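Protein chains in written order, with this note's numbering: chain A, 1 to 267; chain B, 1001 to 1461; chain C, 2001 to 2259.
C-beta atoms are modelled at their ideal positions from N, C-alpha and C, and glycine is treated no differently.
Quick caveat, the model's predicted, so the values are computed rather than measured.
What follows is a set of notes on a single structure, which appears directly below.
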Amino acid sequence: MKKFLAQAYIWLLLIILYAPIVIIAIFSFTEAKVLGNWTGFSLRLYGNLLSGGVSSALVRAIFNTLSIGILAAIFSTILGSIAAIGIFNMKGRARKAITLLNDVPMLNPDIITGVSLFILFVAVGVTQGYITVVLAHVAFCTPYVVLSVMPKLRQMNPNTYEAALDLGATPGQALRKVIIPQIRPGMVSGFILAFTLSIDDFAVTLFTKGNQGLDTLSTYIYADARKGGLTPELRPLMTIIFLVVLLLLIVINLRSAKGKPKKIQRI
Amino acid sequence: MAGTEEIIRIEHLTKRYDGKTVLDDFNLNIRKGEFVTFLGPSGCGKTTTLRLIAGFITPDEGRILLEGKDIATVPPYERPLNTVFQRYALFPHLDVYDNSAFGLKLQKMPTDEIDRKVRKVLKMVAMTDYEDRDVESLSGGQQQRVAIARAIVNEPKVLLLDEPLAALDRKMREDMQLELKEMHQKLGITFIYVTHDQEEALTLSDTVVVMREGRIQQIGTPRDIYNEPVNSFVADFIGESNILNGTMIRDKRVSFIGHEFDCVDKGFGENVPVDVVVRPEDIYISRKTEGEQFYGKVTSCIFKGVVYEMLVQTDEGYELEIQDYNAFEAGSSVGMHVHANDIQVMKKERVCNTFEGEVVSADRVSFLGEEWEIAPTSLEPGTKVKVEVPFGGVDLQDNREDGTIEGEVYFILYKGDRYHLTIKTSEDYFLYVDTQDIWDKGDLVGVKIDPKDIKIVKDED
Amino acid sequence: MRIKRSSWAIPYGIFLILFVALPLLLIALYAFQDRSGAFTLQNFVKFFNTPEDLHTFVYSIEIALITTVLCLLFGYPAAWILANARLNRSAVTVILFILPMWINMLVRTLATVALFDFMKLPLGEGALIFGMVYNFLPFMIYPIYNTLHKMDGSYAEAAQDLGASPATVFTKVTLPLSMPGVWSGILMVFMPTISTFAVAELITLNKVKLFGTTIQENINNGMWNYGAALALIMLVIIAVTSTFTDEEDKRADEKGGLI
């Protein structure tokens, strides 16, 4: 009985949590302009979205979201992995200082990060646009890469680097052939995480995108929604985004679960 | 196997960390094909020396000559040496085969030659069937075989082994010792081996280098080191031993435990204090109550698998450890004798504590980084003096705060009727103390010295 | 070896100074400057003399508090059930609660609007609070679940063994031990709710304004110094909140722990 009540509570919460998303997904299969009107099953909205039958601004926004996400993920993975190796080899006060500073972007609310970077770009006199958005995204994604790579470095036997040198590898070769392969799972997780955070971001992008008409999906949806009446094609788009995020999360979770059972199987 | 041709010559090698000397003026020649072991307790500098030879760290002073060329500043990847690490340090992302082929692949050797060599060494370490295995799925002993294969496949001039068997259980360790010894004979490569296990060192090596606190204590064959330790540290560290205070009466005549004995040592002078070492198996024990050199009562008797290990309290009050194939149960009266050539006489490293000091006032002197009360002196304040404190004059306190300075029990030697302790002070000075009290290694103590036990002598310089 | 590997952190250190530390300092600097760059306290005086902004500020704190309390009220039992092996054996439900954390907040907000539209409910304060709780409930559940889940079950067993009733076990053992999770949950809900700005506009169709929107509007309209001052005020509130809640349980650990 107790168990039944508990399960009922959990599933009630889950139904409420997922109801809005489910409604959007359901109404992505009908043509009605206004959400809530069911005018019969149709795949036209998906068709419009995929065949480019939507405004070119939306297409550009989708493209920007993906390209900014990939660039930000690449840069923050490189910067963060190198930094993690450095921080791992640091000691004392310097290490504490950089770790603290690394925590700041994760603790800061998005709006503060956005405003502060906006003021920075204004103060320096940079025209804001694509590049400033990428820089801003690298700034708040890299700390997560550092956090993903750090545990892998801690798990690594420090002698493996020396062993590589001992066997004739130059420091560069040792890095490529021994250190990077060992921290690669952390780098991949960090990359996926950075990409997810970047395509998910709204506030920081809004403050750093400038006024040259650059939009990502988030800022496009925001502008669209403020005009009232959401473009119907956003419904299938949101459904697709939800499925993609779901997929990425499953991949991440499977990756982290994979390491342990593998060993047991081999023995 | 070991020829006469020299392969490594180490001269005045010194390494400091943050101003602390961890290796002090290390000198050693190693012959081609020799099996050399650095033996000592943790922190004695043995691993530092190995890492200097491997090139992971660079010395502050000194040279490492490999076949006549100084390699002290050559990076590790350009040295024709290979290392077997304590925790194996296998590359977890590569399988057994690729781990073993790592060095050869870097040399850009043709694939078929790599293949031939890798298979040959894997066969040698009996890991042929494991080529495709993930290294993390292997047992400790198997991982160690791969680590050895990975090193020797490069045909190094010298193989460095850093406590390679320390992580294995006893049975596995003994098997691997035999295999290592065989491998050394078969390959003809020079081995430099680091261990804290004296048994392992004596079993494997051609030459043992006993180290302590960054300094070499003794270099010799296992037999030399065991039978003729040069000081009480080596005697205590290698095997079981009774270490006793004695006096060299004249050449070939020494007194200890209240009796005089014939011995074979000479050249110490007359009536000189010495340390005497007698191995437990070299004391002959019987039930005779007369006709022996000395007598006592057995206080404990434990069977150790092959021999019985007994503690005997002599009539003069000294405690001795004795090993014999026959049991003498506790409480029985026994007689004992020792043969002249089983008595090892060693020069005492010191007969009392000596420190550099300075007079502060008529009744105070500073040494060991602190001021001490002394019996009134007529020397002017500021005079540099030599301070002498007898081993028995140092008083150790349970409560650290009760002492004038604090220290840690660093090393313990039982001398039959008292303990001889080495105390490391909080400022890294060493202090030697004789006491009847029982302390454990690592105990934190307060150090007090009675003013009457502090003797000061004006420094002649 | 020869090049110290600790020096590899230098590029990122410089990056952090340029893009994290410097921008925050600039907020503080701009907040105390007028348009010409001269020192002034006028921006703060203006804030206290603009009833609308002051009202929005207080209202935002109210909304954030209400949201946090509601999230705690609904979230704690959920976390407790999820962490209790006897009541919940499935790991899938846990993942289902965590998933929404990773979906764009705008999308989630618009979904709320869709739900209210669909059910023909009015889009007012009620919708705003629902939307907030809906958005941030997972951020409350996850840290609490995490501490409860990692908690050594033997504490509760020991308490029971010593004669405590289930209710006593909960109030004397489970609840106190789960407090770190509760604090970090409060931090993870309170901070984004107080700083959010798009959510309120979209849900209430611009009828209700929160402090985040005030900041954004000022920055948007070129009132950078005033905007910076408002941002600084929010930063102070956040700094106070996060020092108040347990420093050990940072949002970083919680989010990072997901992977």
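Which runs of the beta strand (DSSP E) at least 3 residues long sit entirely within the segment 1397-1451 of chain B? Give them in chain order.
1405-1414, 1419-1425, 1430-1435 and 1444-1449
Exposed or buried, what is Gln1185/B when buried is set at 16 or more other beta-carbons lying within 10 Å of its beta-carbon?
exposed
If the criterion is Cβ atoms closer than 7 Å, does the pair Tyr1284/B and Asp1315/B meet it?
no
DSSP state of Pro1080/B, grouped into three classes?
coil
Return the CA-CA distance between Leu2177/C and Met2151/C, expressed in angstroms with no decimal places.
8 Å
Thr2193/C (DSSP reduced to helix, strand or coil):
helix
What does His1196/B reach in chain A if we use C-beta pairs closer than 8 Å?
Per Cβ cutoff of 8 Å: no residues; His1196/B is ~18 Å from chain A at best.
Cβ closer than 7 Å: which chain C residues qualify as neighbours of Val104/A?
Val2020
Buried or exposed: Thr1073/B, going by 16 or more other Cβ atoms within 10 Å of its Cβ?
exposed
In whole angstroms, give me the CA-to-CA distance for Ile1010/B and Pro1390/B.
38 Å
Taking CB distances under 7 Å as the criterion, tell me whether Ala25/A reaches chain C.
no
Which whole-angstrom value is the C-beta distance of Arg1279/B and Gly1239/B, which I expect to be below 8 Å?
7 Å
Rounded to whole angstroms, what's the CA-CA distance from Val1394/B to Phe1256/B? Just pull it up for me.
23 Å
Hey, how far is the Cα of Ile24/A from the Cα of Ala73/A?
29 Å
Please determine, among Leu135/A, Ala97/A and Ile10/A, the residue with the shortest C-alpha to C-alpha distance to Lys298/A.
What the structure shows of chain A is the stretch from 1 to 267, and residue 298/A is not part of that stretch, so it cannot be assessed.
Nearest-angstrom Cα distance between Arg1210/B and Gly1291/B?
According to the sequence shown, residue 1210/B is Val rather than Arg. Each residue's Cα considered, the two are about 39 Å apart.
Proximal residues of chain A, C-beta to C-beta of Arg2108/C below 9 Å
Pro20 and Ile21
Short check: CB of Pro232/A to CB of Leu49/A, under 7 Å?
no
Would you please verify whether the beta carbon of Pro1076/B is less than 7 Å from any beta carbon of chain A?
yes
Please list the terminal residues of the continuous alpha helix (DSSP H) segment that includes His1184/B.
Arg1170 to Leu1187
Just the chain A side, please: which residues come within less than 8 Å of Glu2201/C by C-beta, in chain order?
Arg226
Assuming contact is defined by CB atoms lying nearer than 7 Å, are Val145/A and Ser67/A in contact in what I supplied?
no
Could you check what DSSP says for Ile1454/B in three-state terms: helix, strand or coil?
coil
State the DSSP-derived secondary structure class of Tyr1318/B, mapped to helix, strand or coil.
coil
Buried or exposed: which applies to Arg1079/B, given that a residue is buried once 16 or more other Cβ atoms fall within 10 Å of its Cβ?
buried
With a Cβ-Cβ cutoff of 7 Å, do Phe2048/C and Phe2039/C count as a contact?
no
The segment 1137-1167 of chain B: positions lying closer than 8 Å to chain A by Cβ:
Ser1137, Arg1150, Ala1151 and Asn1154
Could you check whether Leu2029/C and Ser218/A sit closer than 7 Å to each other, using their CB atoms as the reference points?
no
CB-CB under 7 Å to Val2169/C, same chain, minus the five flanking residues each way: which ones, in chain order?
Ala2156, Ala2159 and Gln2160
Beta-carbon separation of Tyr1320/B and Asn1231/B under 7 Å?
With the sequence shown as reference, residue 1320/B is identified as Leu, and Tyr is not the correct amino acid for it. No, Cβ-Cβ distance for Leu1320/B and Asn1231/B is not below 7 Å.
Rounded separation between Gly69/A and Ala194/A - CA only:
8 Å
Quick one: Cα of Ile2010/C to Cα of Gly86/A, how far?
8 Å
For the ligand GTP, I want to know if Arg1009/B counts as a neighbour, meaning its beta carbon is within less than 6 Å of at least one of the ligand's heavy atoms.
Looking at this structure, you won't find the ligand GTP or any other ligand, since it has none at all.
Using a Cβ-Cβ cut-off of 7 Å, state whether Tyr220/A counts as contacting chain C.
no
Cβ-Cβ separation, Arg1133/B to Asp1462/B (assumed contact under 8 Å), whole Å:
No answer is possible for residue 1462/B: the residues shown for chain B start at 1001 and end at 1461.
Option in Leu2175/C, Gly2126/C, Ser2165/C and Gly2131/C with minimal Cα separation from Leu2148/C
Leu2175/C
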